[in-house]
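Residue numbers (our numbering), protein chains in the order written: chain S, 1 to 291; chain Z, 1 to 628; chain V, 1 to 144.
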Amino acid sequence: MNLTHAILAALLYIVAAPVLAGLLAGVDRIISARMQARIGPPLLQPFYDLFKLFQKERIAVNKTGHFFLLGYLLFTIIAGVEFFIGGDLLIVIFALALGSVFFVLGAFAAGSPYSHIGAERELIQLMASEPMLILSAMGFYVATGSFQVHDIWSRPDLLIVILPGMFAGLVYVLTIKLRKSPFDLATSHHAHQEIVKGITTEFSGPYLAVIELAHWYETILLLGFLYLFFAPWPWLAVLALAAVYFLEILADNTNARLYWQWVLRSSWIFTAVAGAGNLVVLYYLSRGGTP
Amino acid sequence: MNIVLFLILFPLAMAGLIALLGGHVGLRTALVKIGSGVVAIGALVLLALNLQGETQWLRFDWPWLQKAVLGLDILVTLILLVIAVRGRQITVTALVIAQAALIGMTEFGGHAHAHVEAPLFIDSFSMIMAHIVGVIGGLIVWHAVGYMPHYHHHHPEVPGGQRWFFATIYLFLGAMYALVFSNHLSWLFLAWEVTTLCSFLLISYPRTPEARHNAFLALRLNMLGGVAFAGALLYLAKTGGPFALSEIIRSAPASMLVPVLLICVAGLTKAAQMPFSAWLLGAMVAPTPVSALLHSSTMVKAGVYVFVRFAPLLQNTVMGLLLALIGVTTFLFASCIAISQSNAKRVLAYSTIANLGLIVTCACVGNPQAVWAAILLIIFHAVAKALLFIAVGSAEHSIGSRDIEDMEGLIERRPKTALAILIGIAGMFLAPFGMLVSKWAAIEALMKSHPILPVMVAFGSSATLFFWSKWMGKILSTVKGPPPPHGPVSMEEKNAMFFLSLLTVGLCAAWPFISSLSIKPFLLSYYGTAVELNRVTIVIMSSMLALIVALPLSLLYKGEKKLRITTPYLSGANVLERDLFTASIGGTKPLAIRSYYLTEFFAEGRLTRMGLAATIALLAALVMVVKP
Amino acid sequence: MKLFQKSPWIIHYDGASCNGCDIEVLACLTPRYDVERFGIINTGNPKHADILLITGYINEQSQPVVRTIYEQMPEPKVVVAIGICATSGGIFRECYNTKGGVDSTIPVDVYVPGCAARPESIIDGVVQALAILERKKKEMAARP
Numbered sequence: 001m002n003l004t005h006a007i008l009a010a011l012l013y014i015v016a017a018p019v020l021a022g023l024l025a026g027v028d029r030i031i032s033a034r035m036q037a038r039i040g041p042p043l044l045q046p047f048y049d050l051f052k053l054f055q056k057e058r059i060a061v062n063k064t065g066h067f068f069l070l071g072y073l074l075f076t077i078i079a080g081v082e083f084f085i086g087g088d089l090l091i092v093i094f095a096l097a098l099g100s101v102f103f104v105l106g107a108f109a110a111g112s113p114y115s116h117i118g119a120e121r122e123l124i125q126l127m128a129s130e131p132m133l134i135l136s137a138m139g140f141y142v143a144t145g146s147f148q149v150h151d152i153w154s155r156p157d158l159l160i161v162i163l164p165g166m167f168a169g170l171v172y173v174l175t176i177k178l179r180k181s182p183f184d185l186a187t188s189h190h191a192h193q194e195i196v197k198g199i200t201t202e203f204s205g206p207y208l209a210v211i212e213l214a215h216w217y218e219t220i221l222l223l224g225f226l227y228l229f230f231a232p233w234p235w236l237a238v239l240a241l242a243a244v245y246f247l248e249i250l251a252d253n254t255n256a257r258l259y260w261q262w263v264l265r266s267s268w269i270f271t272a273v274a275g276a277g278n279l280v281v282l283y284y285l286s287r288g289g290t291p
Numbered sequence: 001m002n003i004v005l006f007l008i009l010f011p012l013a014m015a016g017l018i019a020l021l022g023g024h025v026g027l028r029t030a031l032v033k034i035g036s037g038v039v040a041i042g043a044l045v046l047l048a049l050n051l052q053g054e055t056q057w058l059r060f061d062w063p064w065l066q067k068a069v070l071g072l073d074i075l076v077t078l079i080l081l082v083i084a085v086r087g088r089q090i091t092v093t094a095l096v097i098a099q100a101a102l103i104g105m106t107e108f109g110g111h112a113h114a115h116v117e118a119p120l121f122i123d124s125f126s127m128i129m130a131h132i133v134g135v136i137g138g139l140i141v142w143h144a145v146g147y148m149p150h151y152h153h154h155h156p157e158v159p160g161g162q163r164w165f166f167a168t169i170y171l172f173l174g175a176m177y178a179l180v181f182s183n184h185l186s187w188l189f190l191a192w193e194v195t196t197l198c199s200f201l202l203i204s205y206p207r208t209p210e211a212r213h214n215a216f217l218a219l220r221l222n223m224l225g226g227v228a229f230a231g232a233l234l235y236l237a238k239t240g241g242p243f244a245l246s247e248i249i250r251s252a253p254a255s256m257l258v259p260v261l262l263i264c265v266a267g268l269t270k271a272a273q274m275p276f277s278a279w280l281l282g283a284m285v286a287p288t289p290v291s292a293l294l295h296s297s298t299m300v301k302a303g304v305y306v307f308v309r310f311a312p313l314l315q316n317t318v319m320g321l322l323l324a325l326i327g328v329t330t331f332l333f334a335s336c337i338a339i340s341q342s343n344a345k346r347v348l349a350y351s352t353i354a355n356l357g358l359i360v361t362c363a364c365v366g367n368p369q370a371v372w373a374a375i376l377l378i379i380f381h382a383v384a385k386a387l388l389f390i391a392v393g394s395a396e397h398s399i400g401s402r403d404i405e406d407m408e409g410l411i412e413r414r415p416k417t418a419l420a421i422l423i424g425i426a427g428m429f430l431a432p433f434g435m436l437v438s439k440w441a442a443i444e445a446l447m448k449s450h451p452i453l454p455v456m457v458a459f460g461s462s463a464t465l466f467f468w469s470k471w472m473g474k475i476l477s478t479v480k481g482p483p484p485p486h487g488p489v490s491m492e493e494k495n496a497m498f499f500l501s502l503l504t505v506g507l508c509a510a511w512p513f514i515s516s517l518s519i520k521p522f523l524l525s526y527y528g529t530a531v532e533l534n535r536v537t538i539v540i541m542s543s544m545l546a547l548i549v550a551l552p553l554s555l556l557y558k559g560e561k562k563l564r565i566t567t568p569y570l571s572g573a574n575v576l577e578r579d580l581f582t583a584s585i586g587g588t589k590p591l592a593i594r595s596y597y598l599t600e601f602f603a604e605g606r607l608t609r610m611g612l613a614a615t616i617a618l619l620a621a622l623v624m625v626v627k628p
Numbered sequence: 001m002k003l004f005q006k007s008p009w010i011i012h013y014d015g016a017s018c019n020g021c022d023i024e025v026l027a028c029l030t031p032r033y034d035v036e037r038f039g040i041i042n043t044g045n046p047k048h049a050d051i052l053l054i055t056g057y058i059n060e061q062s063q064p065v066v067r068t069i070y071e072q073m074p075e076p077k078v079v080v081a082i083g084i085c086a087t088s089g090g091i092f093r094e095c096y097n098t099k100g101g102v103d104s105t106i107p108v109d110v111y112v113p114g115c116a117a118r119p120e121s122i123i124d125g126v127v128q129a130l131a132i133l134e135r136k137k138k139e140m141a142a143r144p
C-alpha cells in the first residue's frame, strides 16, 4: 500500500467510522426495542445524543479528566488508522490497549467510588479480552505468514475456513468490547444500569461524548478484525458481520449481567480452547502432522 | 583495550579504598560519588572508543594470571564456607563443599586444562551489558549516597555499616564488569561467585533475623547454580572441551548439551526463574539501591546473559524448547501472582521475575529476532525497573509505607516522585514504551517457535496490564490528601530519578538506533543475519511517543476556564468536604477506596505451587532429554 | 436542530413517597408507553441527565440529597415534580418532618399533578419540560 492510499484510508476511517458506528448503534437500539416489544428511538438517535452531549455544560470532579479522555480517543483512532492503512496487527492491539488504559486512568483519577469500581471492572474486562485479541493476530500470522493487515487482507483464501476457533473466540470477546450483557461489567449502554454508570459515572456532557465517540471508533476497528476472516468475499463478510452483530444484540437482550469471576474465567478458558487450540492444530498441520 | 581492564579494576580499587578509608563520612561520600561518576563515564568512553561494536580480544602473556584467578576462586569459596559454617547452614555448607570439590577436580584432577587464547573480550553485547552496569550502576550508587542516611534514620535498629555497604557495591560492580567481559569460563565463574557473595552480604545488611534468613535462602539457591556451573567446568575439563565462551558457541550443539544445560541451570537460579525464584522475593528486605542494582537491573541480568550467549546452541533444540517453557511458565505465573500483591516492592519483584522469564524464553528460542527482542528487553527492563525501585524507595521514605494502597493520591502529595513512578510503570507495559516494543518483537519472534510460547506470553502480558494500570490508577486517584509527608527527598535521589526517567523516555525514541548500532552487529556476528525493522512501525511508534509526551500540554487548554468543578457522585449523600458522606444510619463517614486484588483467582500460594510443579516437571524432562 | 428535544435523559429520584408515582414512572419505560420513542433514557446518574424527575415530598433527610443531585447535573437542566406530593407535599404536607413540595428545595419547572400521576400525564410533563430545556439551552449559549 503506497502513501497516498494509506492517507486516504486513514482519512476515510477517521470520517466514516463514527458515521457507520453511529448508524449501527441506532439499528442496535431499534432491534433491541423490537426484541422487547417496543418501537424504540429513531435511527439517528445516537447522533442526537452525541451532539446534545457536546452542547452540555462542562462539569468534572477535577481538571485532569479531559486529558486522559483525549488520550483514549486519540490512541483508539491511531489503532484504527494503523489497522486500516494495513499496518502491524500487534501494534493495533497495543495502541487499542493504550487507549483503554488512558480511559481507565481517567476514571481512577476522578477519585469517585463508582467510577473506581467501574475502572477496576474495565481492567478485568481488558485482562479478559486482551489474550484473545493477541491470539487472533497470531492466528492470522500462522495462516498468512505476516502480521501486516495489508498482507492478510490481500490473501485470496478464505481465512475463516482455517481459523474458525479464532473467529469464535473473537466473537466471544467482542461481547466484552461492545459492552453487551452478560459482559457489561464496567459500564453499560441504553437504559441498562448497575453500580450507577460504572467507569463513565464521573464523565458528563462533552466528556461523555468523547467516550462514546472513542467507543464508536473501537467498534468499527473490531468489526474490521472480523472482516479479515472473510476478506476475499466482501458480500459474505458483510453478511457475517451483520449476523455477528445481531447475535450480540440477542445476547444483550436475553442475558443478565454475570459476575466478573465468570467473565474472566469463561473468556480465558474460551480463549485457551478455541483460540490456542486453533493455533496449535494449525501448527501441527503446517508441519505435516509430525510434531 | 586497557579501558576494559580499567573498568574491571577501578571498582575493585574503589572497594578497597572505601574499605580502608570509609570510616570518615565526608571522605567516603566524596569517594563514592567520584567513583560513581567514573564508572558511568568509563562505560561511555568504551562506547566512544568502539563505536563499530567490533569484537576485540584481550590476550595476556602472564602465566601467573590463571593461578591468580584460581587463588581468588579458592578465597571466595573459603569466605562462603566461613559464612555457611558460622551461620550453621548445613545445606549451604554442603553446597560450598560440593562446589569446592568439583572445582578441585577440574583444576587438580589431572585433566589437561584447555588453553584459552584470550580470557577477556568485548563485543557489542558485552558493551550493552557494560553500559547497563556502568550507567545504571553509577546512577544507583549516586542515589545510594543520598538514600542511605535516610535509610538509617528510618531504621535506627540497623547498625551503621555504610562503609562496608559501599565497598561491597563497588566490589559487585567490578565483578559484574568482569562477568560481561569474560571469555574464559573460569573467569566468568569467579565473577559469578563474587556476585553471589555480594548479593548475600547486601541482603543480610539490615542484620534482622528476616534479612539473615532471606540472605541464606538466596545463597542456598544461588549456590545450587554455582554447583551446576562448577559441574559444567568439570565436564568440559574431563571431555577436553573448550573453556572459551567463543569456542563453545561455535561448537556443534550436540557436543555441548551437558555443559550448556548446567550453565543454563545456573542462569535460571541467578535470574530467579521458577522453581528457584523464591530468593528474589526475600531479597527485597535489602535497602532500595540494592534491589534496584542487584535484584532488578544488573545481577539478575547475569543469569539471562548466559542464555543470550548460548542462544545459537539452544535454537531449534528440544533442550532450548524446554528451557523456554520454564521461562514462559515463570512469566505467566509471576505476572498473575503480581496481581494479588499490594506491597510495591513485591510487585516489582514478581514483575522482575516475570520479565526475566520472558528474556529467558526469547533467548532459548534463539532465532535472530528472538535474541534481538531479548536484548531489547534486557536494556529497557534494566532502566525502567531501576527507576521504579528508586522512586518507590523515595515514596516509601516520604509516606512511611511501601504499600500501594497508601500511595493513593501520591500525584498530589509528591508530584515528582509520583511522576517518576508513572513513567517507570508506563515504561514497563505501555505502548510505545520500551518494554512493549520488546514484547511486540518477542511475540513476533516466538511465533517462529512452538505456538504455546507466544500464547502464554499473551496471557501473561494481559495480567501485567491489570496490575500496572491498577497501580497507576492508585497514584492518580485523588480521593483525599493526607497531610504532605515528612522528610525531604535528597538531592542525589532526585538526580537519579530524573536521569532514569529521562533514560526511560529517551530510550523509547532511541531504540531504532540502539538496534542498528549495537544489536545488529551482535546478531551479524552470531548468525550472519540481522533483523530488519519495519519503517512504518517505527514511524507509528515514534508518533505515539510524541503524542504521549505532548498530551499533557492539553492541560494548558484555555477552554477549561468554563469548567465547573463539582463533587463526585455519592448517591447524593456527599458532605461538603469531598471525602465524607452521610452513612445510611446517620452520621458522616470518610470515603475509602481500595483496589481489586482478585486473590480468589490469583492466590499467591496456589499459583506458586502450580508454577513450581510445572517448572520442576520441566527440569525433570530436561534431565531425561540430556543424557551425558 | 433542537437536539435537547430529541435526546432528553432523565434521572428519577424518590424524595419520600408511597411509591405509587415511582411505579408509574417506571411504567413509562415499559413497552406499553415506551418513552425511548422520544429518545428518553433513564440514566440513574445525575451527571448524565438533563431532566430530574422527583416523586414524593421533601423531608429533612432527603433535602440535602436532592440539593446535591441537582447541583451535580450539568446545565441545561429541568426539574419535573411528579405527583401531588412532589408538587405541594400532598397529604403529607402537615407532617412534622415535611419540608413541602420539591420547590421548597430546588426550582421546579413542570408540575405533574395526580395521585398517582398517570403515565400519560408524566410523559406529557416531560414533553413540556423539553421545551423549557431548549429555552434554557438558548439562555446558556447567550450567557458570556
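The beta carbon of each residue, even a glycine, is placed where N, CA and C say it ideally should be.
Leaving aside the five residues before and after residue i along the sequence, list all residues of the same chain whose C-beta is less than 6 Å from its C-beta, in chain order.
| i | result |
| --- | --- |
| A178/Z | I8, A191 |
| K448/Z | N367 |
| Y235/Z | V258, P259 |
Compare the C-alpha of residue i against each of the options and name the closest.
| i | options | result |
| --- | --- | --- |
| I10/V | A16/V, N19/V, L26/V | L26/V |
| K177/S | N278/S, W233/S, L70/S, E130/S | E130/S |
| K47/V | I160/S, A242/S, Y245/S, Y114/S | Y114/S |
| T588/Z | D579/Z, E532/Z, S595/Z | D579/Z |
| S17/V | F38/V, T30/V, C95/V | C95/V |
| R594/Z | E405/Z, A271/Z, V133/Z | E405/Z |
| G87/Z | W372/Z, A271/Z, A215/Z | A215/Z |
Looking at the unbroken alpha helix (DSSP H) that takes in residue i, where does it start and where does it end?
| i | result |
| --- | --- |
| H5/S | 3-35 |
| F203/S | Element bounds for F203/S: n/a, residue is neither H nor E. |
Ordered along the chain, which non-local residues of its own chain (more than five positions away) have a Cβ less than 7 Å from that of residue i?
| i | result |
| --- | --- |
| I123/V | C28, Y33, V35 |
| L170/S | M132, S136, F225, L226 |
Answer yes or no: do residue i and residue j have a C-beta to C-beta separation smaller than 7 Å?
| i | j | result |
| --- | --- | --- |
| T187/S | T200/S | yes |
| W131/V | I82/V | Strictly speaking, residue 131/V in this sequence is Ala, with Trp absent from that position. No. Outside cutoff. |
| F467/Z | I565/Z | no |
| P74/V | L133/V | no |
| T105/V | V66/V | yes |
| L219/Z | F200/Z | yes |
| S291/Z | F389/Z | yes |
How far does the beta strand (DSSP E) with residue i in it reach, from first residue to last?
| i | result |
| --- | --- |
| G86/S | Careful: G86/S lies outside any beta strand (DSSP E) and carries neither H nor E. |
| L580/Z | 580-582 |
| L261/Z | Note, L261/Z: premise wrong, no beta strand (DSSP E); alpha helix (DSSP H) at 257-270. |
| Q56/Z | 56-58 |
| H12/V | 9-14 |
Return the chain-ordered list of same chain residues with a C-beta closer than 8 Å to the C-beta of residue i, the five sequence neighbours on each side being excluded.
| i | result |
| --- | --- |
| G289/S | Residue confidence for G289/S is low, a pLDDT of 47 falling below 50, so the modelled location carries little weight; the figure read from the coordinates is stated next. Answer for G289/S: no residue qualifies. |
| G100/V | Y57, I58, S88, G89, R93 |
| G241/Z | A114, Y235, I248, S251, S255, M256, P259 |
Using a Cβ cut-off of 9 Å, pull out every chain V residue sitting near residue i, in sequence order please.
| i | result |
| --- | --- |
| I59/S | K47, Q72, M73, P74, E75 |
Whose Cβ in chain Z lies nearer than 7 Å to the Cβ of residue i?
| i | result |
| --- | --- |
| I69/V | G572 |
Could you name the residues of chain S that residue i contacts, counting a contact when the two beta carbons are closer than 8 Å?
| i | result |
| --- | --- |
| D34/V | A33, R38, I39, G40 |
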